[in-house]
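Asks: Sequence order for the protein chains is C and U.
Under the numbering used here, the first residue of the first sequence is numbered 4, with each subsequent residue one higher.
Under the numbering used here, the first residue of the second sequence is numbered -8, with each subsequent residue one higher.
Quick one: this structure, given as C-alpha cells, is what I'll be asking you about.
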Amino acid sequence: MKTLIAAVSAACLMLTAPLAIAADAPSDPEIAHIAYSAGVIDVEAAKLALSKTKNADVKAFAESMQKDHEAVNDMALALVKKLNVTPEDNATSQALAKAGEEKRAELGKLDGSAFDKAYVDNEVAYHKQVNGALETLLIPSAQNAELKSLLETGLKLFQGHQQHAEHVAAGLK
Amino acid sequence: MTTGLLNRRQVLVAGAAMLASTALARAHNGTVHVTIEWTNTDPFAHTATVKGGWEVTIPPGQKATHVVTADDTVEYYCRFHPNMKGHIRVVG
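Here is the structure:
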C-alpha cells in the first residue's frame, strides 16, 4: 500500500515534470494486474469477514464486496482475453498483495465487535486509497479505451462501496 | 403524462446510471396506477431502497418492479452503492 501511495504522490509531483510520466506511468498490462490484485485482496478480506462476523450489516456488506469484486474481476479477465493482453506483475501489485496479507493477519486476530469495526474501517480506508489511485494514476495512464472504460465503471462502483462502508461504520458506533 | 390503468415507468440501472433518475407518477382519484420497472444490466446486485421504507432488490441481469402508492414521493438509493440515487414524485 505504501508503494501505491507513493505512486499516487509521484503522479501528482510529475504533473510539473511531464517527461517523467512516460517513463513511470504503468502500462496497460500492469494496470490490469494492479486492478485485478486490488479486487482479489478485497474478496479475501470479505471471505475472512464472512467467517467471523455475526453482525447482519457487516455480513451484508462483505457479501456485496465478495460478489461485486469477483464480478469486476471476471469482467477484467474477459477483457484482457479479448484484447489478448497478459497482465504483468509489478512492484505496486506486489506491495498491495503484501499489505493485504498483513492486514488480513491483523484482522484475523480480532473477534466480535472489535473485528467488525476494524474490518469496516479498513474497507473505508482501502476503497479510498484504491479510488484515489484509479482517479489520479490508473485511469489517466490507461491507453486502451475499453480498459479505461472498465476502470471508470469500477471507480463508480467502488465509490459506492466506500459510501456503503461509511454507512456501516456509522452504524457500528 | 397519461393516467392509464397500468402505466409502467422504466428505469435502467447500470453502473451509476440510476443516478438522479426520476420517475413521475400521477395519482388519479387518490390511486396511483403506475408500476416502476428497474432493469439491471450490470453483473452486480442493486437495490432501490427508501430509508425507513420499502426496498426492492434488483438482481444482476434482471428486472424488478414496484407498484407506486399515493405516498410514494420518495428518494431512493442503492443500499450496496449509495452513490446510485433516484426519486419518485407522485403528483395530482
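Beta carbons are placed, not taken as given, at the ideal position from N, Cα and C, and that holds for glycine.
Within 10 Å of its beta-carbon, does Lys55 of chain C have 16 or more other beta-carbons around it, so buried, or fewer, so exposed?
Replies: Per the 10 Å Cβ criterion, buried.
Asks: Going by DSSP in three states, Asp71 of chain C sits in which element: helix, strand or coil?
Replies: Looking at Asp71 of chain C - three-state DSSP - the assignment turns out to be helix.
Asks: With distance defined between alpha-carbon atoms, name the residue in U:Phe35, U:Ala36, U:Pro50, U:Val2 nearest to Ile27 of chain U.
Replies: Nearest option by C-alpha distance: U:Val2.
Asks: Does DSSP put Pro21 of chain C in a helix, in a strand, or in coil?
Replies: Since pLDDT at Pro21 of chain C reaches only 40, below the 50 mark, its modelled position is unreliable, and the value read off the structure follows with that caveat. Helix at Pro21 of chain C.
Asks: Using DSSP bridges, identify the partner residues of Lys76 of chain U.
Replies: Beta-bridge pairing links Lys76 of chain U to U:Tyr68.
Asks: Can you name the residues that DSSP bridges to Leu15 of chain U?
Replies: Answer is U:Arg80, bridged to Leu15 of chain U.
Asks: Using the three-state DSSP reduction, which class does Val61 of chain C fall into: helix, strand or coil?
Replies: Reduced to three states, the DSSP call for Val61 of chain C is helix.
Asks: Give the range of the alpha helix (DSSP H) segment to which Lys54 of chain U is assigned.
Replies: Premise fails: Lys54 of chain U lies in the beta strand (DSSP E), 54 to 58, not in any alpha helix (DSSP H).
Asks: Indicate the three-state DSSP secondary structure (helix, strand or coil) for Asn31 of chain U in the structure shown.
Replies: Strand at Asn31 of chain U.
Asks: Could you name the residues that DSSP lists as bridge partners for Gln1 of chain U?
Replies: Gln1 of chain U is bridged to U:Glu28.
Asks: Chain C partners of Ala55 of chain U, CB-CB under 8 Å?
Replies: Within 8 Å Cβ-Cβ: nothing; Ala55 of chain U doesn't reach chain C, min ~17 Å.
Asks: If you measure from the beta carbon of Ser67 of chain C to each beta carbon in chain U, is any gap under 7 Å?
Replies: For Ser67 of chain C, the answer is yes, since a Cβ of chain U falls inside 7 Å of its Cβ.
Asks: Indicate whether the contact test is met: 3 or more Cβ pairs, each with one atom in the region 124 to 133 of chain C and one in the region 162 to 172 of chain C, closer than 8 Å.
Replies: Contact holds: three or more Cβ-Cβ distances are below 8 Å.
Asks: Name the chain U residues whose beta carbon is nearer than 8 Å to that of Gly163 of chain C?
Replies: In chain order: Ala7, Cys69, Phe71, His72, Pro73, Asn74, Met75.
Asks: Per DSSP, what kind of secondary structure is Val41 of chain U in: helix, strand or coil?
Replies: It is coil, neither helix nor strand.
Asks: Pick out whichever of C:Gln132, C:Pro143, C:Asn147 has its Cα sitting closest to the Cα of Phe161 of chain C.
Replies: Closest option to Phe161 of chain C, Cα to Cα, is C:Gln132.
Asks: With a threshold of 8 Å on Cβ separation, who are the neighbours of Leu84 of chain C within its own chain once the five nearest residues in sequence on each side are excluded?
Replies: First, the residue type needs correcting, since residue 84 of chain C is Lys and not Leu in the sequence shown. Here the set comprises nothing.
Asks: Return the chain-ordered list of same chain residues with a C-beta closer than 8 Å to the C-beta of Val61 of chain C, the five sequence neighbours on each side being excluded.
Replies: If we look at Val61 of chain C and ignore the five residues flanking it on each side, its Cβ neighbours are Ala52, Asp119, Tyr122, Val123, Val171, Leu175.
Asks: Checking the sheet assignment: what are the DSSP bridge partners for Glu46 of chain U?
Replies: The partner list for Glu46 of chain U (beta bridge, DSSP) reads U:Thr40.
Asks: Going straight from the alpha carbon of Leu154 of chain C to that of Asn147 of chain C, what length do you get?
Replies: In a straight line, the C-alpha of Leu154 of chain C is about 11 Å away from that of Asn147 of chain C.
Asks: Compare the beta carbon distance of Val81 of chain U and Thr64 of chain U with 7 Å and say whether it is the shorter of the two.
Replies: Yes, these two residues count as a Cβ contact at 7 Å.
Asks: Among C:Glu66, C:Thr89, C:Asn93, which residue has its Cα nearest to the Cα of Asp27 of chain C?
Replies: For Asp27 of chain C, the nearest C-alpha among the options comes from C:Asn93.
Asks: Could you say which of U:Gly52, U:Phe35, U:Val58, U:Arg70 lies nearest to Ile79 of chain U if we only look at CA atoms?
Replies: Per the Cα distances, U:Val58.
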